[in-house]
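What follows is a set of notes on a single structure, which appears directly below.
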Amino acid sequence: MLRALLERGIKPDLVVGVSIGAWNGAWIAHRPDIEWARKLEDVWRQVTRRTIDMVWWRAAGNMVRRRPSLYEGGGLSRFVARHLQVHNFEDLAVPLHTVAIDLTMGTKAVFSHGPLAPAVLASSAVPGVFPPVTIEGHQHVDGGLVDPTGLDTAIELGARRVYVLDSGYHGRLPAPLGSMNAIVDHTFQVAAQHRTRWTIQQMGRSVEIVHLRPDAGFLRHSMDFGATEFYLAEGYRYAAEVLDARRARRRAVQLAPIAAPVYH
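Following this line, the structure appears as structure tokens:
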């Protein structure tokens, strides 16, 4: 979706990233151009559950020990450290804001300054999956439950036109879910979908919102990397189709003949 936008000359004035969008946002805010978006696709093609240490025996051991999360988070930390190009928000080419939940204060937290990696990790620390990230003495987790796509935060920051790149998966189930992980994951997806729709309904009259949400079918889990190539292709195809249709409609309006006034 990022590449489709950039190919059509749509570049961000600011970027808001939530959950894994914080990582994607940090990448594109460093260098918002087509070639850099292609490199991001290449990064995701290499990712597996092992890349971020999401192996079943770790999860089983942590459940038995009653740890705060199924996985320690070291794999995700190494992944972010290896691929982030800069160390601080101030070094990015485009202003970036990442969204998390501040568990200590019970509020939404928006990071825009200072060290970049901790803020990205905090925004993508899925509760129960990865451990909370402590920043300035406060525990933080994934911001997806308070602002699933960053739309609320973008509007609060004064954005008048927002392109929402929604990577949530389809809400309907092909069959009943049978695992705890899948049930929790799908619950988050449904909640995020309803929250985003509500914001669009409330703010769509005062802010131009372009909601890009490919209907690529049902994932077994949002961290199932087995179909990465398909989802990259579908995201690009869908975004290109929507953006081209919007452009065609605008051109049609601009070229529509204007009736000459009739004087009596």
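For any residue, its number in our numbering is found by taking its place in the sequence shown, counting from 1, and adding 2.
All C-beta atoms, glycine included, are put in the ideal place defined by N, C-alpha and C.
By the C-beta density criterion, V131 is buried, having at least 16 other C-beta atoms within 10 angstroms. Going by beta carbons, S125 and G19 fall inside the 8 Å limit. Residue state for P117 is assigned as strand, using DSSP reduced to three classes. Ranked by Cα distance from I22, the first of S169, T189 and L153 is S169. Under the criterion of beta carbons closer than 8 Å, V166 and V212 qualify as touching, at roughly 7 Å. Contact between the segment 37 to 55 and the segment 98 to 115 is absent, with fewer than three C-beta pairs closer than 8 Å. According to the DSSP assignment, T189 belongs to the alpha helix (DSSP H) that extends over M182 to M205. Beta-carbon to beta-carbon, F190 and G152 are separated by about 16 Å, too far to satisfy the 8 Å threshold. Per the C-alpha coordinates, the member of D35, G116 and L86 positioned closest to R10 is D35.
Counting only residues of its own chain and dropping the five nearest sequence neighbours on each side, P150 has a CB closer than 6 Å to the CB of A194, R197 and T198. Non-local C-beta neighbours of A95 in its own chain, meaning closer than 7 Å and more than five positions away in sequence, comprise A31, H32, R33 and P34, ordered along the chain. Looking at R51, G108, P120 and V186, the one whose alpha-carbon comes closest to that of A24 is P120.
If you ignore the 5 residues before and after G27, its C-beta comes within less than 6 Å of the C-beta of V17, G19 and L98, all in its own chain and listed in chain order. Rounded to the nearest angstrom, the Cβ distance from V122 to T100 is 6 Å, consistent with a contact under 8 Å. In this structure, DSSP gives H89 a state outside helix and strand, which the three-state scheme calls coil. Leaving aside the five residues that flank L234 on each side, the residues in its chain whose CB is nearer than 8 Å to its CB run, in chain order, E43, W46 and R47.
Restricting attention to H85, S208 and N90, the CA atom closest to the CA of H115 is found in N90. In this structure E210 is not in contact with R252, their Cβ atoms being roughly 12 Å apart against a cut-off of 8 Å. If you draw a straight line from the Cα of V82 to the Cα of D93, it is about 16 Å long.
Residue range T230 to L257 is occupied by the alpha helix (DSSP H) that includes T230. Residue pairing by DSSP places H213 opposite V166 in a beta bridge.
In this structure, A242 sits away from A39, with a CB-CB distance that is not shorter than 8 Å. Burial state of A247 is exposed, judged by a 10 Å Cβ sphere holding fewer than 16 other Cβ atoms.
Per DSSP, I103 is not a residue of any alpha helix (DSSP H); the beta strand (DSSP E) it occupies stretches across L98 to D104. Going by C-alpha positions, T109 is about 16 Å away from A127. Residues of the same chain with a CB within less than 6 Å of the CB of W29, apart from the 5 flanking positions on each side, are L42 in chain order. Inter-residue distance for Y171 and L257 is about 37 Å (C-alpha atoms, whole angstroms).
Rounded to the nearest angstrom, the gap between the Cα atoms of F113 and I137 is 10 Å.
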